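Same order as they appear, the protein sequences are chains A and B.
The first sequence begins at 6 in the numbering used here and counts up one residue at a time.
The second sequence begins at 1446 in the numbering used here and counts up one residue at a time.
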Amino acid sequence: MIPPIPAIPQQTVQNQNAPIADLSYRNYDGPLNSRAIRWWTIALAMFKLHTKPLSFKVIGALAMLPYLFVIVVLWLQGQLSTAGGGRPSFLVMTGLVDTTPGQKFALQFYNALGYQLLYLVILTLIAGAGCIASDNKNNALLIYLSKPITKNDYLLGKWMGLFLSIFTVAFGPAALLYFYCMVSFYSDGFFKDEPRLFLHMLTATGVTAAVFSSIMVGLSAWSKSPRITGAIVAAIYFAGQVVSFTLWRITSGGDANKDVILAHSSIGGAISGLSQVLYGVTVHTLRGRMKTGFHEVDYAPPSAFAMWGILIGLAVIGIAAARIKIRAVEVIS
Amino acid sequence: MAVATISGLTVRYGNKTAVDGLTVEIPEGCVGLLGPNGAGKTTLLKTLLGFLKPTSGSGEVLGYNVATDGLKLRQKIGLMPEIDCHIPGMNAVTFVAYCGEMSGMPAAQALRRAHETLQYCRLGEARYRDLETYSTGMKQKVKLAQALVHGPKLLFLDEPTNGLDPDGRDEMLNLVRDVSHAKGLNVIVSSHLMPDIERTCDSVVVMRSGKMVRQGSITELRALDAVQWSVDLRTPSPQFQAAMEAEGATLITNAGSHYRFEFKKSPTEDIGSLLFAIAIRSNAQIRGFERASRSLEDVFMEAIS
Chain A
6 MIPPIPAIPQ
16 QTVQNQNAPI
26 ADLSYRNYDG
36 PLNSRAIRWW
46 TIALAMFKLH
56 TKPLSFKVIG
66 ALAMLPYLFV
76 IVVLWLQGQL
86 STAGGGRPSF
96 LVMTGLVDTT
106 PGQKFALQFY
116 NALGYQLLYL
126 VILTLIAGAG
136 CIASDNKNNA
146 LLIYLSKPIT
156 KNDYLLGKWM
166 GLFLSIFTVA
176 FGPAALLYFY
186 CMVSFYSDGF
196 FKDEPRLFLH
206 MLTATGVTAA
216 VFSSIMVGLS
226 AWSKSPRITG
236 AIVAAIYFAG
246 QVVSFTLWRI
256 TSGGDANKDV
266 ILAHSSIGGA
276 ISGLSQVLYG
286 VTVHTLRGRM
296 KTGFHEVDYA
306 PPSAFAMWGI
316 LIGLAVIGIA
326 AARIKIRAVE
336 VIS
Chain B
1446 MAVATISGLT
1456 VRYGNKTAVD
1466 GLTVEIPEGC
1476 VGLLGPNGAG
1486 KTTLLKTLLG
1496 FLKPTSGSGE
1506 VLGYNVATDG
1516 LKLRQKIGLM
1526 PEIDCHIPGM
1536 NAVTFVAYCG
1546 EMSGMPAAQA
1556 LRRAHETLQY
1566 CRLGEARYRD
1576 LETYSTGMKQ
1586 KVKLAQALVH
1596 GPKLLFLDEP
1606 TNGLDPDGRD
1616 EMLNLVRDVS
1626 HAKGLNVIVS
1636 SHLMPDIERT
1646 CDSVVVMRSG
1656 KMVRQGSITE
1666 LRALDAVQWS
1676 VDLRTPSPQF
1686 QAAMEAEGAT
1696 LITNAGSHYR
1706 FEFKKSPTED
1716 IGSLLFAIAI
1726 RSNAQIRGFE
1736 RASRSLEDVF
1746 MEAIS
């Protein structure tokens, strides 16, 4: 005789239908992180958000090209000097290389950052245009500031998130170039001739990222449209360069060492000027025409005081503008 | 014990006084903050969160001063704002976990709590979707989840059923009721929808022009000084009305065949017998009768009129 099949206990049936996780709501009485580091939470989240789009990754990859180009130039410089037994005169004349001790590698870092600036501006526009403007548009400030954080935490987190995104792209390839030089030119006096190069590289890329972040955060805070913010920043950056260069041409008559500060009185100009100061390079290049002949021109670094002044001023204005505007609620007086 | 004690609180926007010398004690439990548009409800909530500095007066929420202890307050409070708000580029889990981290929770704890609160708010698998693709009802639930994630002691819900369809409204009100009555959180619900307040709250504070005009438990406020009875007749009957008035009742309202009468004193005889006797005398046919109570809407209208 077949024994009867035992009935499945009711409890088992209930468990089969129940979700795997315990979904009941409970109060949270667990540990809390220190309030002093909550801005870092915002910075990390923003860094992840900024670097997520494909456009950021593509432009970030393109931003490595100037440093790869410089690696090729350095390799060529090594090959030509070995083959010719002296100065690689063609490359020197074009301003691409300088074999003067103390300038040999610094010039390459300065050039690479100069070529890379355009990519960094585009990245700033992609990552930063909406950093606060999107929050304004989506009323996210009310969410942020209803949490136990201050508006300074919010601003610092937003700024740092953008800064880290730009700095990673600016510093990463520069560090790669530094590593290449260290490995390839150790015996050529890389450390002996230019011992502070790493510090200069860190400062130049850091200042560039900081200035771009500050300006972007400042303008973004006053807008509800990321696109309009991006357009305004792009206009200020490019139009500023055209205007300052045109004014310099008019006032200096093309004299390379006259009204240098005016030539650098735009965002891009000041960044370029400061990096020239930091790397301590004098750029030698050829000017002229085929008919009249060429002559060598030296572009000495501009005043460090003026460049620092312009850039710190821009950064402070940007951050102050953002700080004024950031509020949890719109107060109409 | 009161969760909030407000004394002579005044908040001004320039020349406009939004909250005018408000003095009120908000008790534990679920409290409805009622008032017409512009009564100062949202301004009061913003002040209690430390967003706005009071022009004069003082306030304490959970023992913290609203003017000086904004950060400590916001650690203990969860806010579900009235307006649509989210952080773009995130899905619901990331968003709610991020809110938890901003409240100081370690990342792993915040993520676990984000899943729990989103499940609790009935978002289920939709929690992995980008917030920008959410319907209004789902956005309301996410707003509730982000307010709950850090385990607040007090929840501010500003118009929680805004823009919801009947099903969504029902679900949201059930959640609010469950949070306050089953999970033991103190909740302040700001709304101008009486049925929502009636369904979720134990007591109310009614505001008008920045001042408190009525406060108490809903049961107390709805109680009537005199005895009122609602009577449904088959057809309207002026004779019945006249006969009732002859018995000492006062007509309070009359809509078609529905009458509400008030007796200054309870009738000495059984009310059923009295009503049927009057109906026979006046050739009226009674369909039903019950002891009347005021609705919250009546209380509200009386308070703000």
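Here a beta-carbon is modelled for each residue, glycine too, at the ideal position from N, C-alpha and C.
It should be emphasised that the depicted structure is a prediction, and the values quoted were computed from it without experimental measurement.
> What is the residue span of the alpha helix (DSSP H) that A:His205 lies within?
Replying inline: Leu202 to Ala226
>> Alpha carbons only, please: which of B:Gly1453, B:Ala1449 and B:Gly1485 is nearest the one belonging to B:Glu1433?
In response: The requested residue 1433 of chain B is not part of the displayed model; chain B covers only 1446 to 1750.
>> Distance cutoff 8 Å, beta carbons only. Does A:Ser139 sit that close to anything in chain B?
In response: yes
>> Can you pull out the residues from the region 123–152 of chain A whose beta carbon lies closer than 9 Å to at least one beta carbon of chain B?
In response: Gly135, Ser139, Asp140, Lys142, Asn143, Asn144, Ala145, Leu146, Leu147, Ile148, Tyr149, Leu150, Ser151 and Lys152
>> For A:Gly90 and A:Gly83, what's the separation of their Cα atoms in angstroms?
In response: For A:Gly90, the pLDDT reaches just 48, beneath the cut-off of 50, and the residue's location in the model is therefore unreliable, although a value from the coordinates is still provided. Each residue's alpha carbon lies about 10 Å from the other.
> By the criterion of Cβ-Cβ separation under 7 Å, what are the contact partners of A:Ser111 in chain B?
Replying inline: The question names Ser, but residue 111 of chain A is Ala in the sequence shown. Here the premise fails: no neighbours, minimum Cβ distance about 40 Å.
> For the region 1531–1550 of chain B, which residues have a CB atom closer than 9 Å to at least one CB atom of chain A, in sequence order?
Replying inline: Within the region 1531–1550 of chain B, those residues whose Cβ lies closer than 9 Å to any Cβ of chain A are, in chain order, His1531, Ile1532, Pro1533, Gly1534, Met1535, Thr1539, Phe1540, Tyr1543, Cys1544, Gly1545, Glu1546, Met1547, Ser1548, Gly1549 and Met1550.
> Are the C-beta of A:Gly90 and some C-beta of chain B separated by less than 8 Å?
Replying inline: Only weak support exists for where A:Gly90 lies, its pLDDT of 48 falling under 50; the coordinates are left without a value.
> Quick one: what does DSSP say B:Glu1692 is sitting in, helix, strand or coil?
Replying inline: coil
> Below 8 Å between beta carbons: does that hold for A:Tyr242 and A:Ile272?
Replying inline: yes
> Roughly how many angstroms lie between the CA atoms of B:Lys1709 and B:Gln1684, to the nearest whole one?
Replying inline: Their backbone Cα atoms lie some 21 Å apart in a straight line.
> Which one of B:Asp1575, B:Asn1728, B:Ile1723 and B:Arg1705 has the shortest CA to CA distance from B:Arg1739?
Replying inline: B:Arg1705
> Hey, how far is the Cα of A:Tyr72 from the Cα of A:Gly107?
Replying inline: 19 Å
>> Let me make sure I understand the geometry here. Which of A:Ala239, A:Ser270 and A:Ala240 has the alpha-carbon closest to that of A:Arg254?
In response: A:Ser270
> When you compare each of A:Glu301, A:Arg332 and A:Leu283 to A:Ser308 by their alpha carbons, which one comes out closest?
Replying inline: Here the closest residue by C-alpha is A:Leu283.
>> Could you give the first and the last residue of the continuous alpha helix (DSSP H) run that contains A:His300?
In response: No alpha helix (DSSP H) holds A:His300; the beta strand (DSSP E) holding it covers Gly298 to Tyr304.
> Under a Cβ-count criterion, where at least 16 other Cβ atoms within 10 Å of its own Cβ denotes burial, should A:Met165 be classed as buried or exposed?
Replying inline: buried
> Once you ignore the five residues that flank A:Ala226 on each side, which residues in its own chain have a CB closer than 7 Å to its CB?
Replying inline: Ile137, Ala326, Ala327, Lys330 and Ile331
> For B:Met1652, does the count of other Cβ atoms within 10 angstroms reach 16, so buried, or fall short, so exposed?
Replying inline: By the neighbour-count rule (16 or more Cβ atoms within 10 Å), B:Met1652 is buried.
>> So, for B:Leu1556: in the same chain, excluding its five sequence neighbours on each side, which residues have a beta-carbon less than 6 Å away from its beta-carbon?
In response: If we look at B:Leu1556 and ignore the five residues flanking it on each side, its Cβ neighbours are Ala1542.
> For B:Met1652, which beta-bridge partners are listed by DSSP?
Replying inline: B:Met1657
>> So if I threshold CB-CB distances at 7 Å, which residues from the region 33–46 of chain A count as touching chain B?
In response: Residues Tyr33, Asp34, Gly35, Pro36, Leu37, Asn38, Arg40, Arg43 and Thr46.
>> Using only the alpha-carbon positions, how far apart do A:Asp103 and A:Leu207 sit?
In response: 21 Å
>> Just checking: is the beta-carbon of B:Leu1524 within a distance shorter than 8 Å of some beta-carbon in chain A?
In response: yes
> Where does B:Cys1566 sit, in a helix, a strand or coil, going by DSSP?
Replying inline: coil
> Taking Cβ-Cβ distances shorter than 9 Å, what residues in chain A pair up with B:His1703?
Replying inline: Here the premise fails: no neighbours, minimum Cβ distance about 43 Å.
>> So A:Thr155 contacts chain B; which residues on that side make the cut at Cβ distance below 8 Å?
In response: Leu1516
> Which chain B residues are close to A:Ala333, counting only those with a beta carbon under 7 Å from its beta carbon?
Replying inline: Phe1496
>> What does the alpha-carbon distance come out to for the pair A:Asp198 and A:Val248?
In response: 38 Å
>> Restricting to Cα atoms, I'd like to know which of B:Gly1480, B:Ala1512 and B:Tyr1509 is closest to B:Lys1656.
In response: B:Gly1480
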